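Asker: Residue numbers (the working numbering), protein chains in the order written: chain A, 1 to 456; chain R, 1 to 456.
2 protein chains.
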Amino acid sequence: MTLVEQMNGILNPRSVAVIGASNNPEKMGYMCVQSMVESGFPGGVYPVNPNLTELFNLKVYPTLSAVPGEVDLAIITIPAQQTLPVIEECVAKGIKGAVMITSGFRELGTDVGMELQKQLRETANRGSMKIIGPNCLGMINPRARVNATFRPEYALTKIGGVSLAAQSGGMITAIILALDAQDIGISKAFSMGNRCNLDFDEIVAYLGEDEDTKVIALYIEGVDEPRRLLSVASEVTKRKPIIVLKGGRDQQLNPATLSHTGALAGKYEFYKAAFSQAGILVVESITELADVAGALALQPSAAGDRVAIFSIQAGPSIVMGDACHRLGLKLAQFAPATRQTLRRLGSPLVRLDNPVDIAGTGNDRAACREMMRVVLEDDGVDAISVITVADSPLNDAIADVAHHRKPITVCLFTPLGSAPLDKFAGIQVPAYPTPEQAVNGLAGLVRYGAIRRSKG
Amino acid sequence: MTLVEQMNGILNPRSVAVIGASNNPEKMGYMCVQSMVESGFPGGVYPVNPNLTELFNLKVYPTLSAVPGEVDLAIITIPAQQTLPVIEECVAKGIKGAVMITSGFRELGTDVGMELQKQLRETANRGSMKIIGPNCLGMINPRARVNATFRPEYALTKIGGVSLAAQSGGMITAIILALDAQDIGISKAFSMGNRCNLDFDEIVAYLGEDEDTKVIALYIEGVDEPRRLLSVASEVTKRKPIIVLKGGRDQQLNPATLSHTGALAGKYEFYKAAFSQAGILVVESITELADVAGALALQPSAAGDRVAIFSIQAGPSIVMGDACHRLGLKLAQFAPATRQTLRRLGSPLVRLDNPVDIAGTGNDRAACREMMRVVLEDDGVDAISVITVADSPLNDAIADVAHHRKPITVCLFTPLGSAPLDKFAGIQVPAYPTPEQAVNGLAGLVRYGAIRRSKG
């Protein structure tokens, strides 16, 4: 069985056992069963606890061995000291992988914790089983309705093209929320925890092969074998983008990362240079990660760094131009023929050079469409960003040109009291609440375009 | 009449005339009447148009002179060429100020436009009348239910402590939306347009005296008399913070700012240095402006730059530490007594140095409160930021310590599918969706604290 086959089995299980199921709503073992039940998982869910008979209308089994038929995935919430025999039982049952929520291993920084994790790894490796965790939030695959976490609300995770792996359950939450705010969905998400025998390099290799994953986003504090990850990433970034947010850059903070998931954070500048060398996009904040991931999930990468700005409002277009400048993007110079067409179609009262002030024509869908089309066809333009408001005919014009080979991002101002507009998600155009964020997205498309070209 | 008295009269008018009122819903003259009616303005609203008799159930007057009684504010939407006699009529009527939405003046860059604006200014000055604009979105004062703009949805603007003045109506919109997303309200907002005879220096002087204004936020592309603004700002920043977002930093963009509101943007570094010298906080994006303004509107400034982090999740606290590092804030070193108390109250399983991992104690309100209190009382700590989730007892503990003399900001993760929590607005604690934004807010409180100390 290849890694991809094994991971596909874990992520699309026929059935799932929850070892350490509990009837106490404050316990992980309760929440994990609830998560699988409420996610609408179509396969079998088997709670395991010798002291219970029923939970969420499901039969509870005394042991894993007592569960009938095959089980592909185990979710484990029992105390650390009891995990070793359970992993042996998992191996005997032929389980492909376990999500181990339990903590109390390497992250303790004690010899006992280190030793226990080592034994766990050896046992799992002997049985060709993969352990996600221990000391983690779990894993989700919303397409398969798998919510193997102790957070039932992940049943509501939108399905999309961004896959996540994070050395922190809290960061999985933070990134999913930031993507959700922009209507961007998830393919798979992994809380990596202590990375017992499943590390970032294998996750990246798997996600590189996963067709539903358009973009890989990682939150990394430190890795034990950076070369393995960099080598895999160098290959994968030829096909799809990888974004990294590196946590723990302040030397003073490093003890925090050690006690967190057992990895001492390395020097930021070293990581940043090595990641960039491998073709990974390094971002500086959760918001930038979500902005870039959303753009790369929906739009083609750019063939160059020359940006055209269209705006229904002049001030925000100036702020957008400033953001381009700050992120190293150039404002495109239009060809004379482009300028002529803009003058013919646009309002005589406003500026029709880049940024293009579309204010006078914003109510004329056909004119807006033609103005954007002529700019998109201009050889001096690599990408465009458009500033619009929720009720404008300009939005229909954006839909008309949305499937151009050159990328588009949008800054959408939604009036006070209005519901957010879902029009742009339908046409695969990322829409952001500020001009700066729309440029973050565009910069990601420009940066990844340069990476692909550099890799031939 | 002092400037403050005059501005108070304009912002809290007894009655308002809309000159150029229209029954065509696509015209500014229609939207402006709608804005005043829907805002629930308690005083008189007098539409003026010789060809209409009724609009929104209001009597329409043929001329301003025909309006009975006193009028404090005129909203003008008639074409530019007709404005001069109307301003004379306003002066004759004793109107204190006009919001002139009309465009077609200095921003055209033509001699005719320049000359018309000059005559407007001379006429208004002779009559001791102030003109907001021309070529602007208008002005709002939500406390007085005045929405003197062509955007009726500003009736929904939340009342708060941030006052805005922007050289762009679109940026007024962008900033109000960014503040609203964080539940931060507005005191006054001015779209400055071409600044006929009311410029940033006078607005800042007025807002410096306005008790409802806790923070002044400006979007500036360029000013004609920077020294006047800097001189006023130097005084006002002794009492309340001023934040500036400077638009048009890219030299290539400057033509855009000229055609926008008639100001050629100056060199960014010059502006930035001069603003900082005057005690103004310069920010780099709309989001940062809203983050900083929200914190300054609700929390005291900090006595130093040593930050303590509390978090219910380890990963995001590491990202928060990184954000502190990037913004030049220090992670506080706790005193031995503080460490002892944290060890006594906190979970033995987690890290209790800065950042403090509160995970093990997050369900114990009293323990959380005592842990935060002992840290707030530590002489080595100037400010704290707390990462929490919507349903945690930690939030009650934050409320318990919220009125400490040291500032607090919060990063609040709201689970998917949950409504945003309004608990923090009630206790005057700014709550942000990401750790980085919570640090933006804290950094604003630290920077303004340093400014106040430098001014004695």
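Just so you know, even glycine gets a beta-carbon here, dropped at the ideal spot from N, CA and C. Since the structure is predicted, the reported quantities are computational estimates derived from the model, not experimental observations.
Looking at chain R, which residues of the stretch 206-225 of chain A have a Cβ within less than 9 Å of any of its Cβ atoms?
Answerer: From the stretch 206-225 of chain A, only Tyr219, Glu221 have a Cβ closer than 9 Å to chain R.
Asker: My parser needs the alpha helix (DSSP H) runs of 4 or more residues fully inside the stretch 99-135 of chain A; what are they?
Answerer: Counting only runs of 4 or more, we get 111-126.
Asker: Should R:Gly380 and R:Gly360 be called a contact, given that it needs their Cβ atoms to be closer than 8 Å?
Answerer: Their beta carbons are not under 8 Å apart, which means R:Gly380 does not touch R:Gly360 by this criterion.
Asker: Give the secondary structure of A:Glu54 by DSSP, where H, G and I count as helix, E and B as strand, and everything else as coil.
Answerer: Strand at A:Glu54.
Asker: Anyone know if the C-beta pair for A:Ser128 and A:Ala166 falls short of 8 Å?
Answerer: Contact: no.
Asker: I'd like the list of long-range same chain contacts for R:Asp422, defined as Cβ closer than 7 Å, with 5 residues on each side in sequence excluded.
Answerer: If we look at R:Asp422 and ignore the five residues flanking it on each side, its Cβ neighbours are Asp183.
Asker: I want to know whether the stretch 430-444 of chain R touches the stretch 295-312 of chain R - three or more CB-CB distances under 8 Å.
Answerer: The stretch 430-444 of chain R vs the stretch 295-312 of chain R: in contact.
Asker: Can you give the Cα-Cα distance for R:Asp180 and A:Met139, rounded to whole angstroms?
Answerer: In a straight line, the C-alpha of R:Asp180 is about 34 Å away from that of A:Met139.
Asker: Measuring only from the beta carbon, is R:Ala402 closer than 7 Å to any heavy atom that is part of the ligand ZN?
Answerer: Ligands in the displayed structure: none, and consequently the ligand ZN is not present.
Asker: Nearest chain R C-beta to A:Met462 closer than 8 Å, yes or no?
Answerer: An answer regarding residue 462 of chain A cannot be provided, because it is not within the stretch 1 to 456 covered by chain A.
Asker: Under a CB-based cut-off of 8 Å, is R:Leu264 close to chain A?
Answerer: Bear in mind that a pLDDT of 49 at R:Leu264, under 50, signals an unreliable position, so the number given afterwards is only what the model happens to contain. It does not: the Cβ of R:Leu264 has no partner Cβ on chain A nearer than 8 Å.
Asker: Taking 8 Å as the threshold (C-beta atoms), are A:Val204 and A:Ala233 in contact?
Answerer: Closer than 8 Å, so yes.
Asker: Using a beta-carbon distance below 8 Å, is A:His473 in contact with chain R?
Answerer: The requested residue 473 of chain A is not part of the displayed model; chain A covers only 1 to 456.
Asker: Is the beta carbon of R:Val215 sitting closer than 8 Å to the one on R:Gly161?
Answerer: In this structure, R:Gly161 lies closer than 8 Å to R:Val215 by Cβ.
Asker: I want to see whether chain R comes within less than 8 Å of A:Leu329, judged by CB atoms only; does it?
Answerer: No, no contact with chain R.
Asker: Provide the residue(s) that pair with A:Cys411 in DSSP beta bridges, ordered along the chain.
Answerer: Answer by DSSP bridge pairing, in chain order: A:Ile387, A:Tyr432.
Asker: Could you run through the stretch 388-421 of chain A and flag, in chain order, every residue whose CB is less than 9 Å away from some CB of chain R?
Answerer: So the close ones are Val389, Cys411, Phe413, Thr414, Pro415, Leu416, Gly417, Ser418.
Asker: How many angstroms separate the CA atom of A:Ile387 from the CA atom of A:Ser418?
Answerer: Rounded to whole angstroms, A:Ile387 to A:Ser418 spans 17 Å at the Cα level.
Asker: Quick check on the burial criterion: 16 or more other C-beta atoms within 10 angstroms. Buried or exposed for A:Asp382?
Answerer: Per the 10 Å Cβ criterion, buried.
Asker: Can you give me the Cβ contacts of A:Ile78 inside the same chain, cut-off strictly under 8 Å, excluding the 5 residues immediately before and after it?
Answerer: Once the five neighbours on either side are set aside, the close Cβ partners of A:Ile78 are Ile19, Gly20, Gly29, Val86, Thr102.
Asker: Between R:Val282, R:Gly449, R:Thr2, R:Asp201, which lies nearest to R:Lys520 when the distance is taken from Cα to Cα?
Answerer: Coverage of chain R is limited to positions 1 through 456, which leaves residue 520 of chain R absent and any answer about it impossible.
Asker: Please report how far the alpha carbon of R:Leu120 lies from the alpha carbon of R:Ala74, in whole angstroms.
Answerer: If you take the alpha carbons of R:Leu120 and R:Ala74, they lie about 15 Å apart.
Asker: Comparing alpha-carbon positions, which option in R:Ser168, R:Gly185, R:Ala124, R:Arg126 lies nearest R:Tyr154?
Answerer: For R:Tyr154, the nearest C-alpha among the options comes from R:Gly185.
Asker: Determine the chain A residues that contact R:Gly248 at a beta-carbon separation under 9 Å, and present them in chain order.
Answerer: Under the 9 Å cutoff, chain A gives Ile318, Val319, Gly321, Asp322.
Asker: Within 8 Å of any Cβ in chain R, is that where the Cβ of A:Ile101 sits?
Answerer: No, because no Cβ of chain R sits closer than 8 Å to the Cβ of A:Ile101.
Asker: Decide if R:Val112 is buried, meaning its Cβ has at least 16 other Cβ atoms within 10 Å, or exposed.
Answerer: Classification of R:Val112: exposed, given that the 10 Å Cβ count is below 16.
Asker: Quick one, which residues of the stretch 146-165 of chain R are near chain A if we go by CB-CB under 8 Å, in chain order?
Answerer: Per Cβ criterion, the list reads Arg151, Glu153, Tyr154, Leu156, Thr157.
Asker: Do we get a CB-CB distance below 8 Å when we pair A:Leu253 with the residues of chain R?
Answerer: Residue confidence is low: A:Leu253 scores 49 on pLDDT, short of 50, so the model does not pin down where it sits. Its coordinate-derived value is still stated next. It does: the Cβ of A:Leu253 has a partner Cβ on chain R nearer than 8 Å.
Asker: Comparing the C-beta of A:Ile280 with each C-beta of chain R, is any distance below 8 Å?
Answerer: So, not an interface residue.
Asker: In chain A, which residues lie with their C-beta within 8 Å of the C-beta of R:Ala366?
Answerer: Within chain A, no residue comes near R:Ala366; the closest Cβ sits about 18 Å away, beyond 8 Å.
Asker: In the DSSP assignment, find the unbroken alpha helix (DSSP H) run with A:Asn12 in it and report its ends.
Answerer: Neither: A:Asn12 is in no alpha helix (DSSP H) and is coded neither H nor E.
Asker: Using only CA atoms, which one of A:Pro300, A:Thr341, A:Gly315 lies nearest to A:Ala435?
Answerer: The amino acid occupying residue 435 of chain A in the given sequence is Pro; Ala does not appear at that position. Ranking A:Pro300, A:Thr341, A:Gly315 by Cα distance to A:Pro435 puts A:Gly315 first.
Asker: Thinking just about the alpha-carbon of each residue, which of A:Ser301, A:Leu55, A:Ala92 is nearest to the one in A:Ala66?
Answerer: Ranking A:Ser301, A:Leu55, A:Ala92 by Cα distance to A:Ala66 puts A:Ala92 first.
Asker: If you reduce the DSSP assignment to three classes, tell me which class A:Gly44 lands in.
Answerer: Residue state, collapsed to three classes: strand.
Asker: Straight-line CA distance for R:Ala438 to R:Cys411?
Answerer: Roughly 6 Å separates the two Cα atoms.
Asker: May I ask you to verify whether the stretch 1-16 of chain R touches the stretch 325-333 of chain A, counting CB pairs closer than 8 Å and requiring at least 3?
Answerer: As far as the Cβ criterion goes, the stretch 1-16 of chain R does not touch the stretch 325-333 of chain A, which means the pair count is below three.
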